[in-house]
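Protein chains in written order, with my numbering: chain A, 333 to 827; chain B, 53 to 561.
One structure is given here, and the rest of the page talks about it.
Written out as structure tokens, the structure reads:
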């Protein structure tokens with residue numbers, strides 16, 4: 333079987349990180365204490381190199397405008413965007429992992445391998461043009477994450493979190509699979525586009541409806557929207573900080589992107605399910621539950637977990653609006669969310685919060701120790717709260733405006749009030765960092781800890797902080813060059 | 053090379069230079085604080101010099117603009133957003149007030165900030181950027197962005213450098229302001245969606261096509277955001293907390309400029325865009341303004357803390373501003389314009405003076421003083437002048453503003469006009485009562501004999517720096533009182549034009 337250059341270019345962005353993921357565990361065989369430092373450095377370099385390689389090939393595709401395919405792997409604009417999105421998130425996570433793993437006591441090289449495998453699964457998930465491959469992508473992205481959640485085994489909740497994630501994830505995956513099977517049974521096709529066309533041409537029946545609903549449940553689980561959100565805080569709390577950040581950004585992002593593809597293809601068929609109404613209920617519930625629960629958290633990671641649930645709500649509101657401009661707003665939202673959330677989770681590593689010491693009490697007054705990093709992270713949190721001129725404002729602005737233009741004023745008001753609530757908990761971290769005095773216990777513990785050094789994580793957070801402001805100052809550039817092109821090239825029929 | 057760029061981008065320079073300078077100063081380590089403070093003051097003074105030299109010299113064009121910048125910024129999701137800044141009759145003097153107060157505030161609180169003064173000064177510069185941007189922004193989304201951007205520096209000024217309850221006060225300030233502005237954002241997006249533009253003129257035309265009830269709802273959403281900022285009774289409860297807890301620098305800027313943005317928002321946006329709704333709700337606005345005047349004055353009367361007294365007097369004085377705007381007459385609105393400047397100067401000066409007293413005595417309780425005049429005669433002289441200006445004695449600035457407002461309200465032609473003017477006049481009397489009573493208890497009489505009292509801690513009268521801060525304020529107080537035309541000439545044409553729109557072609561003078 334010959335593979336053409338075009339086909340190769342479709343899968344190279346997947347192959348390079350996958351190759352790295354296969355080779356990285358070999359490094360873990362090295363047990364020699366004398367060489368171990370050198371090997372660790374080489375592993376990180378290799379992981380970053382593979383991510384950069386994938387990034388290079390995918391941006392080349394983006395620049396030429398080609399949308400090649402290899403079998404059911406369709407590297408169209410949406411998949412290319414997903415690739416860039418995931419690889420950048422993974423690279424930021426790898427930078428933070430270097431410092432975090434050193435702080436937690438060294439954990440073996442499988443971590444990086446699993447992260448890369450998960451990234452490959454994520455790209456595959458969005459690039460898949462049939463339901464089987466979609467399921468494969470879902471599993472490939474999920475399974476490594478279950479293991480990654482339990483990576484730091486010294487942490488009390490690591491095992492519990494990993495197990496919880498695995499079991500609920502398995503339920504979601506089987507629901508997804510069952511939905512695909514039912515849709516295949518009804519339409520006789522596995523191609524997403526063909527399934528959509530077949531559904532459109534027939535009167536809706538109970539089986540097709542159930543199939544579509546089960547499929548949606550699988551997606552909503554990965555998006556962590558209410559009522560499929562309960563795993564999120566436990567899992568984010570248990571996982572290493574950079575992995576929590578990566579999961580909150582990349583998993584949610586690709587789930588939304590794949591959902592866009594499925595919805596864009598007409599599954600569930602318009603009219604067969606009152607999808608808009610159902611999504612609206614889910615979105616509002618997600619917003620309300622996420623924001624209210626976040627208020628009550630004392631652990632920063634659990635707060636960020638509920639915050640990520642609430643952001644799923646805003647993005648789903650964009651799906652409710654359902655216009656091309658709203659889709660563009662969603663893409664923009666995802667980019668700014670990537671930057672803001674990686675910065676927010678990154679500061680935990682920068683402050684050297686190991687183990688379960690991630691409550692607001694643990695960071696009191698610590699902002700003055702590294703004001704530059706703490707300010708950068710605070711900017712990210714202000715952005716998450718949607719305060720202009722930070723990037724986060726514009727995503728909300730675009731989605732709310734489309735909602736209002738579509739006549740859903742009440743929903744926009746709910747969303748706006750929810751983000752008012754969110755201001756309170758997002759400000760708690762900057763407040764703790766800068767406005768409060770450290771507790772005696774925290775000061776004692778900080779003095780016992782080795783001096784704070786997190787060069788790579790610090791660099792990652794600084795980059796995020798700067799980007800939050802830069803995107804906020806030039807939102808139009810990102811929108812036209814990126815978000816709008818994804819929408820028009822992937823869904824030309826929507827215009 | 054710099055000069056031509058400066059000439060065509062004057063407003064961009066004014067708006068962003070303080071921010072850039074402040075951000076630069078943040079990079080200095082804390083031990084360099086004296087240098088940072090010096091650089092911050094020099095930067096703020098430079099901005100003042102440029103603004104005064106360029107803006108006051110500028111010749112107004114046909115639209116009354118002395119400086120303007122306008123180009124397309126971005127148009128995500130259909131509606132184009134313009135980067136449109138201009139300085140015209142409505143905002144010119146407020147801009148000058150802002151750039152004037154910031155360096156004075158820094159000088160006035162030179163030694164008042166116990167920790168990290170350099171960072172506080174840098175934040176003040178960033179705040180200046182937000183305020184100037186909001187004042188000169190003509191595109192509503194741009195205005196909204198600057199409006200929100202002001203929040204963060206102020207939040208941290210109160211939250212880091214404030215008094216014992218600083219976190220509560222800062223959070224209250226933040227949540228109050230945001231709750232208004234977020235609902236306003238929805239109304240703004242709705243209106244902009246109907247108009248296809250964020251330009252106030254285009255929006256005003258589109259609004260005419262909407263049903264009256266929708267116009268009313270949208271106006272209320274706009275008015276709510278601005279009224280919280282003013283703050284209008286009964287939305288004022290954040291103000292006394294914020295003022296009392298804020299450091300002197302924060303209080304001065306808050307009272308001097310931030311509150312004005314609320315009334316400016318009414319004048320610039322809410323009234324011209326929704327003229328019919330504004331007329332419909334003018335009775336409500338006037339009623340709340342009068343309530344603010346009387347209520348603020350009565351509550352000020354019973355305060356035991358000097359700073360809190362000044363804070364409540366702010367509520368009362370801003371009530372006058374809102375009454376003038378609600379009268380929808382040229383005279384009343386001109387009075388409101390002047391009163392905004394007056395309040396910025398007088399109340400700003402009062403907060404600086406209270407701060408100077410607090411720095412020496414470490415208390416602000418009225419009962420802790422008595423006989424201050426014996427110990428600090430120069431300070432007392434300044435305090436008396438500012439007090440009289442705040443009361444509105446003829447020949448000081450306060451008189452001209454309040455007179456115009458009451459005059460305009462009386463002649464407004466609204467059926468409530470005469471009654472509102474009469475009741476509001478009571479507010480003038482009350483302001484004399486609470487201010488003079490406070491002055492009597494603090495400054496006059498024998499020195500407080502208690503060795504622990506505030507008076508006992510007063511060892512030195514004002515030094516040269518402090519006199520240098522207060523002198524320009526006092527000069528302005530008399531200048532504005534004796535020759536208010538200097539400050540009114542620029543705005544008259546503008547106010548007439550804005551009201552022409554509001555009154556549907558017929559202007560009550």
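All C-beta atoms, glycine included, are put in the ideal place defined by N, C-alpha and C.
query                                                                                                                                                                            : result
In chain order, which continuous runs of the alpha helix (DSSP H) of length 4 or greater are located wholly inside the segment 345 to 396 of chain A?                            : 368 to 396
Do you know offhand how far residue 375 of chain B's Cα is from residue 384 of chain B's?                                                                                        : 8 Å
Could you give the distance in angstroms between the alpha-carbon of residue 402 of chain B and the alpha-carbon of residue 525 of chain B?                                      : 10 Å
Return the Cβ separation of residue 245 of chain B and residue 737 of chain A in integer angstroms, given the expectation that the two are a contact with Cβ distance under 8 Å. : 5 Å
Just the Cα atoms here: how many angstroms apart are residue 336 of chain A and residue 407 of chain A?                                                                          : 15 Å
Please check the pair residue 341 of chain B and residue 371 of chain B, which I expect to be a contact at CB under 8 Å, by giving their CB distance rounded to whole angstroms. : 5 Å
Take the Cβ of residue 394 of chain B as the centre, count every other Cβ of all protein chains shown within 10 Å, and call the residue buried at 16 or more, exposed below.     : buried
Quick one: give me the first and last residue of the beta strand (DSSP E) that residue 134 of chain B is part of.                                                                : 133 to 139
Taking only beta-carbon atoms, is residue 220 of chain B less than 7 Å away from chain A?                                                                                        : no
Could you tell me whether the segment 473 to 487 of chain B touches the segment 410 to 427 of chain B, using the rule of 3 or more Cβ pairs below 8 Å?                           : no
Hey, quick one: how far does the alpha helix (DSSP H) through residue 509 of chain B stretch, first residue to last?                                                             : First-last for residue 509 of chain B: undefined, no H or E at that position.
Mind checking whether residue 592 of chain A and residue 708 of chain A have CB atoms under 7 Å apart?                                                                           : no
Roughly how many angstroms separate the alpha carbons of residue 819 of chain A and residue 100 of chain B, rounded to a whole number?                                           : 47 Å
By how many angstroms is the C-alpha of residue 796 of chain A removed from the C-alpha of residue 672 of chain A?                                                               : 6 Å
List, from N- to C-terminal side, the alpha helix (DSSP H) runs of 4 residues or more that fit wholly inside the segment 437 to 511 of chain B.                                  : 449 to 462 and 469 to 495
Please give me, in chain order, every unbroken run of the alpha helix (DSSP H) with length at least 4 that falls completely inside the segment 175 to 217 of chain B.            : 192 to 201 and 203 to 213
Indicate whether at least one CB of chain A lies closer than 7 Å to the CB of residue 181 of chain B.                                                                            : no
In angstroms, rounded to a whole number, what distance separates the CA positions of residue 156 of chain B and residue 431 of chain B?                                          : 17 Å
Taking residue 201 of chain B as the query, report the chain A residues whose CB atoms sit under 7 Å from its CB, ordered along the chain.                                       : 720 and 721
Straight-line CA distance for residue 343 of chain A to residue 577 of chain A?                                                                                                  : 26 Å
What is the residue span of the alpha helix (DSSP H) that residue 309 of chain B lies within?                                                                                    : From DSSP, residue 309 of chain B is part of no alpha helix (DSSP H); its letter is neither H nor E.
Note down, one range per segment and in chain order, each alpha helix (DSSP H) of at least 4 residues found wholly within the segment 773 to 827 of chain A.                     : 787 to 805, 807 to 810 and 816 to 822
Considering Cα atoms alone, identify which of A:434, A:661 and A:792 is closest to residue 730 of chain A.                                                                       : A:661
Helix or strand or just coil, what does DSSP make of residue 167 of chain B?                                                                                                     : coil
So, residue 497 of chain A versus residue 558 of chain A, is the Cβ gap smaller than 7 Å?                                                                                        : no
Taking the alpha helix (DSSP H) that residue 369 of chain B belongs to, which residues open and close that run?                                                                  : 358 to 378
What does residue 212 of chain B touch in chain A if you count any residue whose Cβ is under 8 Å from its own?                                                                   : 766 and 767
Between which two residues does the beta strand (DSSP E) holding residue 436 of chain A run?                                                                                     : Element bounds for residue 436 of chain A: n/a, residue is neither H nor E.
Residue 737 of chain A CB to nearest chain B CB: under 7 Å?                                                                                                                      : yes
Would you mind sorting residue 368 of chain A into buried or exposed? The rule is 16 or more other CB atoms within 10 Å of its CB.                                               : exposed
Mind listing the chain A neighbours of residue 102 of chain B? Cutoff is C-beta to C-beta under 8 Å, in chain order.                                                             : Near residue 102 of chain B there are no residues of chain A at all, since even the closest Cβ is about 23 Å away, more than 8 Å.
What residues from chain B crowd round residue 741 of chain A, counting only those whose CB sits closer than 8 Å?                                                                : 238 and 242
So, does the CB of residue 695 of chain A fall closer than 7 Å to a CB anywhere in chain B?                                                                                      : no
So residue 396 of chain B and residue 197 of chain B are in contact, right, with Cβ under 8 Å, and what is the actual spacing, rounded?                                          : Actually they are not in contact, since the Cβ atoms of residue 396 of chain B and residue 197 of chain B sit about 23 Å apart, beyond 8 Å.
With a threshold of 7 Å between beta-carbons, can residue 230 of chain B be considered close to chain A, or not?                                                                 : yes
With a CB to CB cut of under 7 Å and the five nearest residues on each side skipped, what residues in its chain are close to residue 219 of chain B?                             : 211
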